[in-house]
Amino acid sequence: MIASPGSRDTAGLNRDRRDHTGSRGAIGTFITYPSAVVNDERSWQAVFEHVVNRSHLATAGDLPGILDQASALLEVSAELYLVDLGQRELHPVRERGGTSLPVDATLAGRAFARVEIVVSAAEAEPAHLWVPVLDGTERLGVLRVGLPAGADPQDRVLRAQVWALAGQVAHLVLSKQLYSDLFHRVRRTKPLSVASELLWQLLPPKVFACERVVIAAAMEPYDQVGGDGFDYAVDDDRAYVAIFDSMGHDLHAGLTTSMALAATRNARRCGADLVAAAELADDTINAHRSGELYSFATAFLAQLELDTGVLHYLNAGHPAPAVLRDGRVVRLLDTVSRTPLGLGNLHRGRPVLLREQLEPGDRVLFHTDGVTEARSPHGELFGLERLVDLVERHEASGLPAAETLRRVVRAVLEHQDGRLQDDATLLMLEWTTTDQLSLLPAL
Numbered sequence: 003m004i005a006s007p008g009s010r011d012t013a014g015l016n017r018d019r020r021d022h023t024g025s026r027g028a029i030g031t032f033i034t035y036p037s038a039v040v041n042d043e044r045s046w047q048a049v050f051e052h053v054v055n056r057s058h059l060a061t062a063g064d065l066p067g068i069l070d071q072a073s074a075l076l077e078v079s080a081e082l083y084l085v086d087l088g089q090r091e092l093h094p095v096r097e098r099g100g101t102s103l104p105v106d107a108t109l110a111g112r113a114f115a116r117v118e119i120v121v122s123a124a125e126a127e128p129a130h131l132w133v134p135v136l137d138g139t140e141r142l143g144v145l146r147v148g149l150p151a152g153a154d155p156q157d158r159v160l161r162a163q164v165w166a167l168a169g170q171v172a173h174l175v176l177s178k179q180l181y182s183d184l185f186h187r188v189r190r191t192k193p194l195s196v197a198s199e200l201l202w203q204l205l206p207p208k209v210f211a212c213e214r215v216v217i218a219a220a221m222e223p224y225d226q227v228g229g230d231g232f233d234y235a236v237d238d239d240r241a242y243v244a245i246f247d248s249m250g251h252d253l254h255a256g257l258t259t260s261m262a263l264a265a266t267r268n269a270r271r272c273g274a275d276l277v278a279a280a281e282l283a284d285d286t287i288n289a290h291r292s293g294e295l296y297s298f299a300t301a302f303l304a305q306l307e308l309d310t311g312v313l314h315y316l317n318a319g320h321p322a323p324a325v326l327r328d329g330r331v332v333r334l335l336d337t338v339s340r341t342p343l344g345l346g347n348l349h350r351g352r353p354v355l356l357r358e359q360l361e362p363g364d365r366v367l368f369h370t371d372g373v374t375e376a377r378s379p380h381g382e383l384f385g386l387e388r389l390v391d392l393v394e395r396h397e398a399s400g401l402p403a404a405e406t407l408r409r410v411v412r413a414v415l416e417h418q419d420g421r422l423q424d425d426a427t428l429l430m431l432e433w434t435t436t437d438q439l440s441l442l443p444a445l
């Protein structure tokens with residue numbers, strides 16, 4: 003039993019247990035804690051316990067009700083909004099939760115974009131907080147936490163507790179969506195193609211960060227993407243990243259990318275090096291081509307040693323990534339024309355494994371040709387120079403890496419009047435950085 007504020011005797015607490023029912027009937031019980039104070043850590047512990055205990059036998063659709071019952075212990079409210087796959091709008095999980103909110107023009111959107119706890123206060127009503135909902139550093143949406151009258155939204159203990167609640171909610175969203183369609187439907191503003199459905203199930207989260215590396219990715223058009231893909235993994239002293247672009251834009255292209263991604267991932271998990279991973283992908287795609295129709299995928303595979311900053315990489319016919327240092331491009335990695343994956347040629351001429359020494363703070367920007375070769379209605383290429391300039395300007399303004407890429411991809415879309423002629427994917431790898439601190443809110 004957790005004592006409520008102002009009470010020294012846990013035996014004197016109200017131990018009345020009451021059943022709480024949702025739309026699907028009784029799920030469990032919890033203990034009420036009288037005289038709870040919204041900035042008391044012990045009172046919040048009761049909220050956290052209730053959310054965890056109720057979630058074991060809950061569906062995705064039960065989550066809003068669980069939050070209602072838990073937050074009522076402190077006379078606060080909590081409403082969950084999830085961002086759509088295109089990261090344009092924040093959508094309430096339950097239908098009566100309110101209207102969808104644009105990321106680019108609302109306080110909720112600011113909390114999401116800048117990963118900040120944002121206060122919204124009007125004279126006629128109590129304040130509420132917009133809190134980022136993150137799975138690690140992957141932005142899933144925001145939590146609207148309504149505060150009781152008189153509560154101080156700047157209180158550090160209070161902000162720490164709502165941030166912890168948002169983290170708990172993020173874990174539940176990720177776990178429940180594995181066997182529910184609700185969160186998937188909420189995050190779609192338009193139907194996905196079958197190829198897109200396939201690829202999104204294979205891709206890792208769009209953001210990862212630890213003390214020595216930040217990885218961020220963005221991909222459009224999210225509902226029709228077919229041939230692009232990316233992958234990464236970080237273990238102990240190394241980080242692996244990959245980007246793919248298959249011939250075509252249909253389901254066949256999606257299947258080719260899926261084979262390339264699965265083969266390189268399989269090789270990596272078996273302990274193989276980059277060359278062996280590329281060879282397995284080459285063999286796999288070539289062995290499963292449809293009749294006389296050749297399939298291939300360009301790819302760029304890289305492995306970063308986190309202790310030394312040494313980057314080993316292999317280019318399979320992909321556009322050269324750019325190394326960014328102190329606001330400028332210092333080098334393009336391997337501009338030589340290379341053989342793509344799937345033609346069955348890698349065994350006859352083994353892929354070239356190259357090496358680059360990064361400096362602390364360096365970023366490597368990977369991209370598919372759908373970014374730099376995007377043409378405006380007047381025929382103007384988007385180009386590498388424009389891409390790098392946008393990345394540097396957004397980074398200089400203090401935006402998190404994921405938000406920088408979101409805005410760059412939006413710029414590519416706008417360059418083509420909202421209709422991409424090709425899949426456009428960006429992947430950024432940063433070594434030995436303090437930027438991971440910008441991926442979490444300051445309390």
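Sequential numbering of the sequence shown, starting at 3, is according to my numbering. We put the CB at the ideal spot given by N, CA and C, even for glycine.
query: Roughly how many angstroms separate the alpha carbons of D391 and D371, rounded to a whole number?; result: 17 Å
query: Would Q305 and R240 qualify as a contact pair, given that the criterion is a beta-carbon distance under 7 Å?; result: yes
query: Any chance you could list the alpha helix (DSSP H) runs of at least 4 consecutive residues sitting entirely within the segment 167 to 237, in chain order?; result: 184 to 188, 196 to 204
query: Tell me, which residues are paired with I245 by DSSP?; result: F232, F302
query: With H369 and T427 assumed to form a contact (beta carbons below 8 Å), what rounded beta-carbon distance in angstroms separates them?; result: 7 Å
query: Is DSSP giving T406 helix, strand or coil here?; result: helix
query: Below 7 Å between beta carbons: does that hold for L343 and A262?; result: yes
query: Excluding five sequence neighbours on each side, which residues of the same chain lie with their C-beta closer than 6 Å to the C-beta of L386?; result: T374
query: For the segment 94 to 180, which segments carrying the beta strand (DSSP E) assignment without a break, of at least 3 residues, lie completely within its bounds, in sequence order?; result: 120 to 124, 127 to 137, 140 to 148
query: In its own chain, which residues sit with a C-beta less than 6 Å from the C-beta of A366, not counting the 5 before and 5 after it?; result: Rather than Ala, the amino acid found at residue 366 in this sequence is Val. So the qualifying residues of the chain are P323, V325, L431.
query: Any idea if Y83 is buried or exposed, counting beta-carbon neighbours within 10 angstroms, 16 or more meaning buried?; result: buried
query: Going by C-alpha distance, which of A444, R421, T435 is nearest P223?; result: R421
query: Exposed or buried, what is R271 when buried is set at 16 or more other beta-carbons lying within 10 Å of its beta-carbon?; result: exposed
query: How many Å lie between Y404 and D275 at the Cα?; result: First, the residue type needs correcting, since residue 404 is Ala and not Tyr in the sequence shown. A404 and D275: Cα-Cα distance of roughly 28 Å.
query: Output the boundary residues of the beta strand (DSSP E) element that contains H314.; result: 312 to 318
query: List the endpoints of the continuous alpha helix (DSSP H) containing T374.; result: 371 to 374
query: Starting from F368, follow its DSSP beta bridges and name the residues at the other end.; result: L429
query: Please list the terminal residues of the continuous alpha helix (DSSP H) segment that includes E77.; result: Careful: E77 lies outside any alpha helix (DSSP H) and carries neither H nor E.
query: Please tell me whether R112 and V121 are closer than 7 Å, where the distance is taken between their beta carbons.; result: no
query: Is V390 helix, strand or coil when you go by DSSP?; result: helix
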